[in-house]
Amino acid sequence: MKETSKTMQMELIAEIERFVHQSPANLQEDGVTAYFDKPLVGFAAAADPLFDLYKEIIGDFHLTPGELLPTAASVVCWVLPVSESARASNRRENQFPSRAWARTRDRGEAFNVRLRQHLVAWLVERGHQALAPQLSELWQGVEVPGTGPASNWSERHAAYAAGLGTFSLNDGLITGKGMAHRLGSLITDADFPATLRVYSNYRSHCLRFRTGGCGACIPRCPVGALSDQGHDKKRCRAYVYGTVPEAVGIEYQVKAAGCGLCQTGVPCEHRIPTGS
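Per UniProt numbering, the very first residue in the sequence shown carries number 1; after that it's consecutive.
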């Protein structure tokens, strides 16, 4: 059984990589440049105690894998690193996101939805139950008094549990490919070996917390939503979902433009930073 699970795990990773590499939906306006580079993939046990702990850390509204899928055995997570060209264009901005970044947020996330749907179907075809939490009828956004927006399934916290990265000052996830990315996950009854978490704490990759230095993301925020006290989610949301799409949505032909200024032009943009 373990060997079969390991074999299917490798096949699933290969299928994720193939879909990202070959899907036309992963191409920018020029029809050549990809929205996302080769993905990172990680696995967590559905029964990992972290998922129960998230009810205390995030809120009791946050669902466990078993609450979403009663037969859950594994959580599969992936990181879709934003292409260098989109990152470079956003690096040059200081008020609104670049066109390439905004379209990666909008059209690239539409591709991520297709990836979720494809992987669920791939597992079902092989006799397993599977669902993508973000596409589940149980998924919902939550407004947390005092702190702001959240949801009952966090792709970032799932990826942390799956050994893919740790949190930064701006609440993003710093992965082996940095923090300029989109994340996805699914839950399945297929029992896959879990990925080892090699970090010592939930902020191990952030220089601000590791060495007391950096803080490069703080001045990158055009509305002052970042400080040594952390991330002002309400101010960030008002800008990202209000000001930005009003300013560039029509020009860029997108509904969701994102921002990403604090994810680009920083040491953790495309790697785990070193030094101070």
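Note that beta-carbon positions come from the ideal geometry of N, C-alpha and C, so glycine has one too.
In this text, all values refer to a predicted model and were calculated from it rather than measured experimentally.
Is the CB-CB distance between G59 and V120 below 8 Å?
In the sequence shown, the residue the question calls residue 59 occupies position 59. In the sequence shown, the residue the question calls residue 120 occupies position 120. In this structure, V120 does not lie closer than 8 Å to G59 by Cβ.
Whole angstroms is fine: what's the gap from M179's alpha carbon to Q129's?
Position 179 of the sequence shown holds residue 179. Position 129 of the sequence shown holds residue 129. M179 and Q129 have their C-alpha atoms roughly 31 Å apart.
Over the uninterrupted alpha helix (DSSP H) stretch that includes G165, give me the two end residues.
Mapped onto the sequence shown, residue 165 falls at position 165. Looking at the DSSP string, G165 is not in any alpha helix (DSSP H); the run it does join, the beta strand (DSSP E), is G165 to F167.
Identity of the residue in H231, C236 and L173 nearest C206 by Cα:
If you number the sequence shown from 1, residue 206 lands on position 206. Of the listed residues, the one whose Cα sits closest to C206 is L173.
If you reduce the DSSP assignment to three classes, tell me which class V254 lands in.
Working through the sequence shown from its first residue, we reach residue 254 at position 254. Coil, per DSSP.
From R105 to I57, what distance separates their C-alpha atoms?
By one-based count along the sequence shown, residue 105 stands at place 105. By one-based count along the sequence shown, residue 57 stands at place 57. Going by the C-alpha atoms only, they are around 27 Å apart.
Figure out for me which residue from A132, S136, L135 and W153 has the closest Cα to the Cα of V142.
Position 142 of the sequence shown, counted from the first residue, corresponds to residue 142. It is W153 whose Cα lies nearest to the Cα of V142.
Rounded to whole angstroms, what is the Cα-Cα separation between S98 and N90?
For the purposes of this step, residue 98 is taken as residue 98 along the sequence shown, with counting starting at 1. For the purposes of this step, residue 90 is taken as residue 90 along the sequence shown, with counting starting at 1. Approximately 5 Å, taken between the alpha carbons.
If we define contact as Cβ-Cβ less than 8 Å, is I250 a contact residue for chain D?
Of the protein chains in this structure there is only one, and it is not chain D.
Classify F61 as buried or exposed, calling it buried when 16 or more other Cβ atoms lie within 10 Å of its own Cβ.
Here residue 61 refers to the residue found at position 61 of the sequence shown. That one is exposed.
Between the Cα of D171 and those of K233, S136, R126 and R271, spot the shortest distance and give me the residue it belongs to.
As a first step, residue 171 is located in the sequence shown; it is residue number 171 there, counting from the start. When only C-alpha atoms are compared, the closest one is K233.
Looking at I187 and A25, is the spacing between their C-beta atoms short of 8 Å?
Here residue 25 corresponds to residue number 25 of the sequence shown, with the count starting at 1. Here residue 187 corresponds to residue number 187 of the sequence shown, with the count starting at 1. No, the Cβ-Cβ distance between A25 and I187 is not below 8 Å.
Could you tell me which residues DSSP puts in a beta bridge with R182?
As a position in the sequence shown, residue 182 is number 182, starting the count at 1. According to DSSP, R182 bridges with L80.
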